[in-house]
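My numbering puts the first residue of the sequence shown at 136, with every later residue one more than the last. Every residue gets a Cβ at the ideal spot worked out from N, C-alpha and C, and that includes glycine.
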Amino acid sequence: HRLALQGPHGSLEKAVTIMVSHRLHIFAVAGASLLCLVLAAVLMAWIKMGPAAGVVSAIFLAFGGAVSYRMHLLLGLFQIPESQVVTGAVQVNSPNESGAAIDLSRLNLRSRARFLLL
(Lines of atoms letter the chains of each structure in order from A; the text may use other names.)
(Lines give C-alpha, C1' and ligand atoms only; values in the text may rest on other atoms or scores of the structure.)
Protein backbone atom coordinates (compact mmCIF):
# COMPACT_ATOMS: atom_id res chain seq x y z
CA HIS A 136 0.00 0.00 0.00
CA ARG A 137 2.93 2.36 0.58
CA LEU A 138 3.90 2.32 -3.09
CA ALA A 139 0.38 3.33 -4.11
CA LEU A 140 -0.05 6.05 -1.50
CA GLN A 141 3.42 7.55 -1.14
CA GLY A 142 5.31 6.58 -4.28
CA PRO A 143 6.35 8.79 -7.19
CA HIS A 144 4.10 9.68 -10.13
CA GLY A 145 2.72 6.55 -11.78
CA SER A 146 3.19 4.41 -8.67
CA LEU A 147 -0.55 3.87 -8.14
CA GLU A 148 -0.80 2.27 -11.56
CA LYS A 149 2.25 0.12 -10.80
CA ALA A 150 0.80 -1.00 -7.44
CA VAL A 151 -2.52 -1.97 -9.03
CA THR A 152 -0.70 -3.94 -11.75
CA ILE A 153 1.34 -5.81 -9.14
CA MET A 154 -1.77 -6.70 -7.10
CA VAL A 155 -3.66 -7.92 -10.17
CA SER A 156 -0.72 -10.06 -11.27
CA HIS A 157 -0.48 -11.72 -7.82
CA ARG A 158 -4.21 -12.37 -7.40
CA LEU A 159 -4.07 -16.02 -8.56
CA HIS A 160 -1.02 -16.72 -6.38
CA ILE A 161 -2.83 -15.34 -3.32
CA PHE A 162 -5.82 -17.62 -3.95
CA ALA A 163 -3.51 -20.62 -4.43
CA VAL A 164 -1.69 -19.95 -1.13
CA ALA A 165 -5.02 -19.53 0.68
CA GLY A 166 -6.22 -22.85 -0.75
CA ALA A 167 -3.00 -24.62 0.24
CA SER A 168 -3.30 -23.18 3.76
CA LEU A 169 -6.85 -24.47 4.04
CA LEU A 170 -5.78 -27.91 2.83
CA CYS A 171 -2.98 -28.06 5.42
CA LEU A 172 -5.33 -26.96 8.19
CA VAL A 173 -7.92 -29.64 7.37
CA LEU A 174 -5.22 -32.30 6.95
CA ALA A 175 -3.72 -31.39 10.35
CA ALA A 176 -7.17 -31.60 11.97
CA VAL A 177 -7.86 -35.02 10.43
CA LEU A 178 -4.46 -36.39 11.48
CA MET A 179 -4.87 -35.02 15.00
CA ALA A 180 -8.29 -36.69 15.21
CA TRP A 181 -6.78 -40.07 14.25
CA ILE A 182 -3.93 -39.64 16.75
CA LYS A 183 -6.05 -38.54 19.72
CA MET A 184 -9.62 -39.84 19.30
CA GLY A 185 -9.42 -43.53 18.57
CA PRO A 186 -12.74 -45.01 17.33
CA ALA A 187 -14.50 -41.62 16.98
CA ALA A 188 -11.82 -40.37 14.58
CA GLY A 189 -13.77 -41.49 11.50
CA VAL A 190 -16.78 -39.31 12.31
CA VAL A 191 -14.66 -36.32 13.31
CA SER A 192 -12.54 -36.71 10.16
CA ALA A 193 -15.66 -36.78 8.01
CA ILE A 194 -16.86 -33.54 9.63
CA PHE A 195 -13.48 -31.85 9.03
CA LEU A 196 -13.38 -33.08 5.42
CA ALA A 197 -16.94 -31.84 4.80
CA PHE A 198 -15.97 -28.46 6.23
CA GLY A 199 -12.86 -28.37 4.04
CA GLY A 200 -14.88 -29.28 0.96
CA ALA A 201 -17.50 -26.62 1.66
CA VAL A 202 -14.89 -23.91 2.15
CA SER A 203 -12.98 -25.05 -0.96
CA TYR A 204 -16.16 -24.84 -3.01
CA ARG A 205 -16.82 -21.35 -1.66
CA MET A 206 -13.25 -20.27 -2.49
CA HIS A 207 -13.75 -21.59 -6.03
CA LEU A 208 -16.90 -19.46 -6.35
CA LEU A 209 -15.02 -16.41 -5.05
CA LEU A 210 -12.24 -16.96 -7.56
CA GLY A 211 -14.84 -16.86 -10.31
CA LEU A 212 -16.35 -13.67 -8.90
CA PHE A 213 -12.96 -11.96 -8.85
CA GLN A 214 -12.15 -12.75 -12.49
CA ILE A 215 -12.06 -9.39 -14.25
CA PRO A 216 -12.04 -9.15 -18.05
CA GLU A 217 -8.92 -7.36 -19.33
CA SER A 218 -11.09 -4.62 -20.84
CA GLN A 219 -12.47 -3.74 -17.37
CA VAL A 220 -9.27 -3.87 -15.32
CA VAL A 221 -8.64 -0.60 -13.48
CA THR A 222 -5.05 0.53 -13.92
CA GLY A 223 -4.97 3.42 -11.47
CA ALA A 224 -4.47 5.89 -14.31
CA VAL A 225 -6.69 8.94 -14.38
CA GLN A 226 -7.49 10.21 -17.86
CA VAL A 227 -9.15 13.52 -18.63
CA ASN A 228 -10.48 14.36 -22.07
CA SER A 229 -9.30 17.71 -23.33
CA PRO A 230 -12.11 19.93 -24.65
CA ASN A 231 -9.68 21.56 -27.11
CA GLU A 232 -8.78 18.35 -28.94
CA SER A 233 -11.28 15.76 -30.13
CA GLY A 234 -10.61 12.30 -28.76
CA ALA A 235 -7.37 13.29 -26.99
CA ALA A 236 -6.89 12.16 -23.40
CA ILE A 237 -4.46 13.37 -20.78
CA ASP A 238 -3.15 10.79 -18.32
CA LEU A 239 -2.84 12.67 -15.00
CA SER A 240 -0.79 9.92 -13.35
CA ARG A 241 2.03 10.53 -15.82
CA LEU A 242 2.16 14.33 -15.70
CA ASN A 243 4.83 16.14 -13.75
CA LEU A 244 4.01 19.11 -11.52
CA ARG A 245 4.82 21.78 -14.14
CA SER A 246 2.66 20.11 -16.77
CA ARG A 247 -0.21 19.73 -14.32
CA ALA A 248 -0.04 23.42 -13.33
CA ARG A 249 -0.08 24.46 -17.00
CA PHE A 250 -3.05 22.16 -17.69
CA LEU A 251 -5.03 23.54 -14.77
CA LEU A 252 -4.46 27.11 -15.93
CA LEU A 253 -6.05 26.33 -19.35
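When DSSP assignments are scanned along the segment 160-201, no uninterrupted stretch of beta strand (DSSP E) that is 3 or more residues long falls wholly within it. Here DSSP, grouped into helix, strand and coil, assigns Gln141 to helix. Comparing C-alpha distances from His207 to each of Ala163, Ile153, Met154, Gly185 shows the shortest one belongs to Ala163.
By the C-beta density criterion, Val190 is exposed, having fewer than 16 other C-beta atoms within 10 angstroms. Below 8 angstroms, too few C-beta pairs join the segment 155-162 and the segment 177-193 to call them touching: fewer than three.
By the Cβ criterion, the segment 186-203 is in contact with the segment 166-176, since at least three pairs of Cβ atoms, one from each stretch, lie closer than 8 angstroms. Lys149 is positioned such that its CB atom lies no closer than 8 angstroms to that of Leu140. Sequence-distant partners of Phe198 (beyond 5 residues in either direction) whose C-beta falls short of 8 angstroms from its own C-beta, in its chain, are Val173.
Its Cα nearest to that of Glu217, the residue Thr152 stands out among Thr152, His144, Gly142, Pro143.
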